[in-house]
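One line per chain: the protein sequences are A and B, in this order. So in full-length UniProt numbering, spot 38 of the first sequence is number 38, and the numbers just go up one at a time. So in full-length UniProt numbering, spot 233 of the second sequence is number 233, and the numbers just go up one at a time. Each remark here refers to the structure printed beneath this line.
Protein chains: 2
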Amino acid sequence: MLQSKLLLPTLREAPAEAEIISHKLLIRAGLIRQLASGVYTYLPLGYRTLRKVEAIVREEMDKSGAQELNMSVLQPIELWRESGRDSAYGPELVRLKDRHEREFVLGPTNEEVITTVVKNEIKSYRKLPINLYQIQTKFRDERRPRFGLMRGREFLMKDAYSFDLDWNGLDVTYRGMYDAYTNIFTRCGVRFRAVEADAGAIGGEGGTHEFMVLAEIGEDTIISCNQCSYAANLEKAVSGVGKALQSQQIGIGNQVSPAYESFATPNLKTIEQLAGQLGVDASSFVKTLIYQAGNELIAVVVRGDRDVNEVKVKNYLGLVEDIELASESKVQAVTNAAVGFAGPVELAIPILVDQEVAAMGSVVCGANQTDQHLRHVLPGRDFPLDRIGDFCNVRVGDPCPNCDGTLEAFKGIEVGHIFKLGTKYSEKLGAAYIDQDGQEKPMIMGCYGIGISRVVQAVVEQNYDDNGIIWPLSIAPYHVHVIPVSMKDETQRSVANELYQTFQDIGADVLLDDRDERPGVKFKDSDLIGIPIRITVGKQAGEGIVEVKLRSEEDKQLMNLEEVVSFVKNQLATIG
Amino acid sequence: MLQSKLLLPTLREAPAEAEIISHKLLIRAGLIRQLASGVYTYLPLGYRTLRKVEAIVREEMDKSGAQELNMSVLQPIELWRESGRDSAYGPELVRLKDRHEREFVLGPTNEEVITTVVKNEIKSYRKLPINLYQIQTKFRDERRPRFGLMRGREFLMKDAYSFDLDWNGLDVTYRGMYDAYTNIFTRCGVRFRAVEADAGAIGGEGGTHEFMVLAEIGEDTIISCNQCSYAANLEKAVSGVGKALQSQQIGIGNQVSPAYESFATPNLKTIEQLAGQLGVDASSFVKTLIYQAGNELIAVVVRGDRDVNEVKVKNYLGLVEDIELASESKVQAVTNAAVGFAGPVELAIPILVDQEVAAMGSVVCGANQTDQHLRHVLPGRDFPLDRIGDFCNVRVGDPCPNCDGTLEAFKGIEVGHIFKLGTKYSEKLGAAYIDQDGQEKPMIMGCYGIGISRVVQAVVEQNYDDNGIIWPLSIAPYHVHVIPVSMKDETQRSVANELYQTFQDIGADVLLDDRDERPGVKFKDSDLIGIPIRITVGKQAGEGIVEVKLRSEEDKQLMNLEEVVSFVKNQLATIG
């Protein structure tokens, strides 16, 4: 492509709404433009990279034996009612009515449709297992679209759905997808981890892994072991604390100990204030949080230095919807005290006690009375232990659940997610098959997503320097950037054109900067858009010598034309 | 691909809603399934062909110098208000509101968005001309979706938009698109004509051509000359009649002639009844039709044997919206007579007189009195000739407007459309550039669409026989169908597998029917899905002999393995 013709509007400054570096660079390098909040146009450069990621995904999905099809964006609301997701999805689901007032949704994901397709077309065990995928635009009406392509309202996604005879079959399919995803993200040139995750609103009875690109700006926290391969997102992560506690006696509060007593703690509402005042560590206290869980109130009691993990609480309660902290007025009503003085003693709502608290001896807690706390409180004696569980977030430094290692934390961007769905959709929508012995059985499903447009930006978030993007060769919009220092110099122009042609002939995607601009402008743009191989055709062009520089490295090399062609060939060979 | 694994549900019968042969075949051959009225899922076979058409379109667009980008499906309604199309498009425009009650449309076409993109990014004449295209899912809420992919509510379309400095530039770009389209449809293996067309609701000041696949079930009528290259759709077609008339004196009714008089024609309401009764040809009469044009009524007077062309009338009046026949009560009110007796004499509304009528001598027409007609009516003397034009449909047998030939009619399916838009959108949305001499000028636009999903079905409508589809090699879901007669025969199985591998190695898309089915079932399915090259591996497999048959031909040939590989290679070479 000739750069003079290309719609490639580079900018010195990114607009104010771009908060993170990858978003800024995608705009500055002329890859995307915002049309509305969370809705983007891919300019030619951006679309080239998007299609390269798409191609890698397609190749690896095909290699895994999955079959590509294509479902519609418009989905009849009736299917979502059958699965029960029309309400579960809430306001993120984009809805519309057609001219006959029939209601549709714009698919954010396609479990209902694919299950309907498979139910209609496959009846026998002979046609199973099958794994069907598509690469399609999806819609999600995010409450707060942000970070460019990271959290958009319209985005490109690969979604796959597998149908197996049984759980063992699903395990094999799932493993195949895990491997395919590993190949895909490796080929895209990102550093990532596959982590255990919570299934969330999509449901599912089996396991689930998120593929996380490691990046400081990631919205998700990944917990991983410094010794073994254990990795999970914060919502799901467990530590070795629970295992250690199993050897201890639960409810040791039954030992002989003085009765609890209250003491004045005026205006000491937080654990930090309390610990500071009393001069003891926060881990000697327990804190009691009151949650709204559906229509009920519940209390969660955790050690003073821990944070409640709401997903663990929600899963313990078997809820679909998220829980949230109860309103101030409700807390006051149930504790008869100002907020900050709740405690588990004599509290008239269900009390979920974290496993660590259950194993503690005498503790300090709120007194359910304003400006008062209790001491010498014994778990099991002074409050019930009939609801014990792991209700805390893991912390850096906690022991690993699998080995002697220690847990670390990273920030990550979720770019892929694989689920064992089981029969959630096949039972609701009636996708069953006739087994060898004539019995009807529900198909065992899995689903597997990749946020293709998000990958594009995640790659940038990991690959840049002060001057711009540093594209991995595999998904760069162009492989080679040929830059004649002066287009007015006939020799340079002719050598540049010759190389432009030769590189195309060997299958490279080449951009020729044929603009009549100063060299400084050209190099600045070149660094900004980040094409991996830069060939500068300058004063030595007459001798057949050009300068080669990789965007990812500082060094420049002089090569003759033969050398540079074989150099580019070798580089291309690395991406297959 | 192994057929035993492929989601390829063939059917003996098509569902009742499939009215036309191509729709039936797409369903029976397992290419598509309906999810909702006008909304389809592409099964793997169907999606493969869709993607092959897409690839041809992309190649030819790239070759023409157009640049690919990708715009969003969601478009803010404000842009459609700026262009004025939000009302002009009517109920076909799919609308929705987001969670903040902001209104969006689902793009049926992207003039507003692309004009906004270009306006923001291009300011100088140096970056023009530019032609930008995308391949994207579009939405149109058809009043009556039908014929499968022919008239769906969600469909895949290639849309391109060009921006030129001036009209001469647009002419060049337009010609380039005309040529690219010719290449695309030729490569897709369809018989088509490019015809002059009316610009319709999309607007445009310059020319426009439709690319029509010739087919009996086509909803459009194409008029073309039997001698020269003249071709236009019926809405737009003109005949040589007008040219012939230019040499005649208009308003020859001014010659001396008896005054008109009325005569009784009880219950003779139609031209046919009248002509039969009087024993003269319908061409001696004129008929007068009353139309509702916006808020006004107008009369259109044409020769008795002609049909009014409403598009020509609408364009003469400079209207955006369609005109329609006036209601019975309005006709009665304006003519003071029952419907069927309208005439141009003493009629108190604007009268549009077809050029042919203007050149007639004495005519017979309605008397604006029930059961009465007038004779000896002279155009120009007895009714005004201040609004003369071409208001008739061309008819088969009319003279060609360009040569001595005669006009013929065909039915066609519109698969492509190219427009010279001019400044319609650039002026409304402010897409201007600074010229060499510092002057601001509006960009001159063109737009160019191809209905990719419609092409898939149009190809089938032209390429089938009693047994099923006959795919052109270029867009067939697979090139080669390898069919071992018996999968139980080890030799056949091994030869089939060897060929399967070899064909893949030479770049062919191969389907291997590895199912344990009777040969009759396999051949029936093979004919139905229409893979171009069928290789049957039967009893002579042990001697290295297989049977080769093209789906498009009756003959079968025996070949050894070497011959069959080079045969397939040669076939593939024909599609490049």
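For each residue, glycine too, the CB sits at the ideal point set by N, CA and C.
| Query | Result |
| --- | --- |
| Jot down the residue ranges of each uninterrupted alpha helix (DSSP H) in the segment 460-517 of chain A, minimum 4 residues, whole runs only, in chain order. | 490-505 |
| Taking the alpha carbon of A/Glu142 as the point to measure from, which residue in A/Ile135, A/Glu154, A/Ala359 has its own alpha carbon closest? | A/Glu154 |
| Which value, in whole angstroms, describes the spacing of the CA atoms of B/Lys97 and B/Gly107? | 14 Å |
| Under a CB-based cut-off of 8 Å, is B/Met71 close to chain A? | yes |
| Along the alpha helix (DSSP H) that carries residue 645 of chain B, what are the first and last residues, could you check? | The first residue shown for chain B is 1 and the last is 576, placing residue 645 of chain B beyond what the model contains. |
| When the Cα of A/Asn393 is compared with those of A/Val565, A/Asp305, A/Glu92, which residue comes out closest? | A/Asp305 |
| Within 8 Å (strictly less), CB to CB, does B/Thr109 reach chain A? | no |
| Out of A/Val459, A/Gln332, A/Ser22, A/Asp527, which has the shortest C-alpha to C-alpha gap to A/Gly148? | A/Ser22 |
| B/Gly203 CB to nearest chain A CB: under 8 Å? | In this prediction, B/Gly203 scores a pLDDT of 49, lower than 50, which makes its location untrustworthy; no coordinate-derived value is stated. |
| In three-state DSSP terms, what is A/Tyr448? | strand |
| Is the distance from the Cβ of A/Met157 to the Cβ of A/Ile450 below 8 Å? | yes |
| Give the residues of chain A in contact with B/Gln67, contact being defined as C-beta atoms less than 7 Å apart. | Leu6, Leu7, Pro44 |
| Name the DSSP beta bridge partners of A/Asn131, please? | A/Ser162 |
| At least one CB of chain B closer than 8 Å to the CB of A/Pro15: is that the case? | no |
| What does A/Tyr40 touch in chain B if you count any residue whose Cβ is under 8 Å from its own? | Ser72 |
| Are the C-beta of B/Thr137 and some C-beta of chain A separated by less than 8 Å? | yes |
| Which one or two residues does DSSP pair with residue 581 of chain A in a beta bridge? | Because chain A in this structure spans residues 1 to 576, residue 581 of chain A falls outside the shown range and cannot be described. |
| My understanding is that B/Ile535 touches B/Leu499, with C-beta atoms under 8 Å, so please give their C-beta distance in whole angstroms. | 6 Å |
| Which residue's Cα is closest to the Cα of A/Leu214: A/Asp198, A/Ala232, A/Gly366? | A/Ala232 |
| Okay, do the segment 447-461 of chain B and the segment 181-196 of chain B touch, 3+ Cβ pairs below 8 Å being the bar? | yes |
| What residues are listed by DSSP as bridge partners for B/Met157? | B/Gln136, B/Gly451 |
| Since residue 612 of chain A is in the alpha helix (DSSP H), which residue starts that stretch and which ends it? | For residue 612 of chain A there is no data in the structure shown, the boundaries of chain A being 1 and 576. |
| Under a three-way DSSP split, which group does B/Gly543 fall into? | Going by the sequence as given, residue 543 of chain B is Glu instead of Gly. If DSSP states are grouped into helix, strand and coil, B/Glu543 belongs with the helices. |
| Please list the residues of the segment 146-161 of chain A that have a C-beta atom closer than 8 Å to any C-beta atom in chain B, keeping them in chain order. | Arg153, Glu154 |
| Verify the CB distance criterion: does A/Ala36 have a CB-CB separation below 8 Å to chain B? | yes |
| B/Thr270 by DSSP, collapsed to three states: which one? | coil |
| Within the 8 Å Cβ cut-off, does B/Leu165 reach chain A? | no |
| Assuming B/Tyr161 and B/Cys447 form a contact by the criterion Cβ under 8 Å, report the distance between their Cβ atoms to the nearest whole angstrom. | 5 Å |
| At a Cβ threshold of 8 Å, is A/Ile529 touching chain B? | no |
| Flag A/Asp141 as yes if its beta-carbon sits less than 8 Å from any beta-carbon of chain B, otherwise no. | yes |
| B/Arg12 touches chain A at which residues, Cβ-Cβ below 9 Å? | The contacting residues do not exist; B/Arg12 stays about 15 Å from chain A at best. |
| Mark B/Val280 as exposed unless 16 or more other C-beta atoms lie within 10 angstroms of its C-beta, in which case mark it buried. | exposed |
| Hey, B/Leu74 and B/Pro44 are a contact pair by Cβ (cut 8 Å); roughly how many whole angstroms apart? | Wrong, their Cβ atoms sit about 29 Å apart, outside the cutoff. |
| By how many angstroms is the C-alpha of B/Glu356 removed from the C-alpha of B/Asn226? | 23 Å |
| With 8 Å as the threshold, decide whether the Cβ of A/Tyr47 is near any Cβ in chain B. | yes |
| Using a Cβ cut-off of 9 Å, which residues of the segment 109-123 of chain B contact any Cβ in chain A, in chain order? | Val113, Ile114, Thr116, Val117, Val118, Asn120, Glu121, Ile122 |
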